[in-house]
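Chemist: The numbering used here puts the first residue of the sequence shown at 1104, with every later residue one more than the last.
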Amino acid sequence: MMHLSLEERLALLSDDPSLMEPEQFCKRADALDKLDIWLAEPDAQPQWLEDATRLRGTLEAVNVALYNSIREAVQSGTTPAALLQQILKLAGEGAIENPTPGLSFDPLDDLLSGILQMEEPKASPAPLEPEMVFYQPTPARHLLRLIVSGTIQPDDVFIDVGSGLGHVPLLVTMLTGARSIGVELEPVYVAMAQQCARNLHLHKATFVQADARTAYLSQGTFFYLYTPFTGSLLADVLERIHTQAMNRQIKIATLGPCTAILAEQPWLAALTSPPENGRITVFESIQLN
Ligand SMILES: C[S@@+](CC[C@H](N)C(=O)[O-])C[C@H]1O[C@@H](n2cnc3c(N)ncnc32)[C@H](O)[C@@H]1O
């Protein structure tokens, strides 16, 4: 592409009718990325800028229509399996089976936040205590890989410990049918997650404002920790979850630095060996005699 002028590059995109097909989400994401880069070029002419900006708006409008059609499917009770198939098709081959390790984001995050229509919180979150980790969402590719793996069963009760804006419980319920509970300290995040669940009619996804050190965890069969805290706080909450594991077998999925701490627990066995770095690892509890 280096040898093509801006006009020629834009013409290539403008003349590609497949970009308007809703299911070509990845291709459109790639085109939108290119447009963003080209639009920043200093020598672009006013007419070219106008045409490129118009094309960008047209492609974004196709995405918005796609997000809205999936939202309508969720609201009208389309089965989790059918929704998952649709999203996997849009994500493109390989994106889920072998996701890029690490905590960076990609177009799949745009797709899922477009479906959830999560807004940025208007109020600033309250300052956190030492050892508590600020909000950062799980990258969508890792979460979808967990969902596709089938380790979350429809009869599980999934608890996201430190659920932030709630996209993990919302997507788990939407795409597996399992009941999910988000436990989050920050009330602004909890209110936004509850609103999102109401808007999508996802009544099996609920959110409670609570400190994980004292929150009610007895219903959980599948816990998720994207390193919500560290140090002694993590140790305290893990001990609370361990107490639950004495009554029944549970699973715990982790992402980030807390994975190494869970891997050291004698009452947990990782389902992948060695525990994965930069992706979600699933552990299951074992009974110690
Ligand atoms: C790294 S974010 C993970 C967000 C979400 N689970 C996800 O994966 O997208 C950690 C979250 O834990 C919350 N948190 C930190 N300490 C907490 C505590 N003691 N009780 C409940 N939530 C807490 C933070 O407010 C933040 O939203």
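Cβ coordinates follow ideal geometry from the N, Cα and C atoms, glycine included.
Source: prediction; values computed, not measured.
Report yes if the C-beta of D1209 is less than 7 angstroms from at least one heavy atom of ligand 1; otherwise report no.
Modeler: no
Chemist: Could you pull out every residue in the same chain whose Cβ sits closer than 7 angstroms to the Cβ of D1314, ignoring the five residues on either side in sequence?
Modeler: L1288
Chemist: Starting from Y1327, trace the alpha helix (DSSP H) in both directions and tell me its first and last residue.
Modeler: Taken as a continuous stretch (DSSP letters only), Y1327 belongs to no alpha helix (DSSP H), being part of the beta strand (DSSP E) at 1325 to 1329.
Chemist: Just to confirm before moving on: does the CB-CB distance between S1207 and P1242 stay below 8 angstroms?
Modeler: yes
Chemist: Applying the 10 Å Cβ sphere with the 16-neighbour rule, what's the burial state of F1326?
Modeler: buried
Chemist: Let me confirm a value: F1332 is counted as buried when at least 16 other C-beta atoms fall within 10 Å, else exposed. Which label applies?
Modeler: buried
Chemist: Give me the Cα-Cα distance between V1311 and L1303, rounded to the nearest whole angstrom.
Modeler: So the two alpha carbons sit approximately 18 angstroms from each other.
Chemist: Which residues mark the beginning and the end of the alpha helix (DSSP H) in which G1217 is found?
Modeler: 1210 to 1219
Chemist: How many whole angstroms separate the CB atoms of L1109 and W1151, which I take to be in contact at a CB cut-off of 8 angstroms?
Modeler: 6 angstroms
Chemist: Using the three-state DSSP reduction, which class does E1175 fall into: helix, strand or coil?
Modeler: helix
Chemist: Less than 7 angstroms separating the Cβ of T1241 from some heavy atom of ligand 1?
Modeler: yes
Chemist: Work out the CA separation of V1385 and E1379 for me, nearest whole Å.
Modeler: 9 angstroms
Chemist: According to DSSP, is T1051 helix, strand or coil?
Modeler: Any question about residue 1051 goes unanswered here, given that the chain covers just 1104 to 1392.
Chemist: Among all the DSSP beta bridges, which residues are the ones paired with I1355?
Modeler: According to DSSP, I1355 bridges with F1326, F1386.
Chemist: Note down, one range per segment and in chain order, each beta strand (DSSP E) of at least 3 residues found wholly within the stretch 1239 to 1292.
Modeler: 1260 to 1264, 1282 to 1287
Chemist: Do you know how far the Cα of L1115 is from the Cα of P1233?
Modeler: 52 angstroms
Chemist: Identify whether V1165 lies in helix, strand or coil by the three-state DSSP scheme.
Modeler: helix
Chemist: Which residues mark the beginning and the end of the beta strand (DSSP E) in which F1310 is found?
Modeler: 1308 to 1312
Chemist: Is the Cβ of V1260 closer than 8 angstroms to any Cβ of chain B?
Modeler: Absent from the structure: chain B. Only one protein chain is present.
Chemist: In whole angstroms, give me the CA-to-CA distance for E1222 and P1290.
Modeler: 15 angstroms
Chemist: Have a look at R1248 and V1275 and give me their C-alpha separation to the nearest angstrom.
Modeler: 11 angstroms
Chemist: Cutting at 6 angstroms between CB atoms, please list the residues of its own chain near I1284, excluding the five before and the five after it.
Modeler: I1262, T1309
Chemist: What is the rounded straight-line gap between the Cα of D1212 and the Cα of R1244?
Modeler: 8 angstroms
Chemist: Between the stretch 1123 to 1131 and the stretch 1149 to 1168, can you find at least three pairs of beta-carbon atoms closer than 8 angstroms?
Modeler: yes
Chemist: Near I1355, which residues of its chain fall below 6 angstroms by C-beta distance, leaving aside the five closest residues on each side in sequence?
Modeler: F1326, F1386
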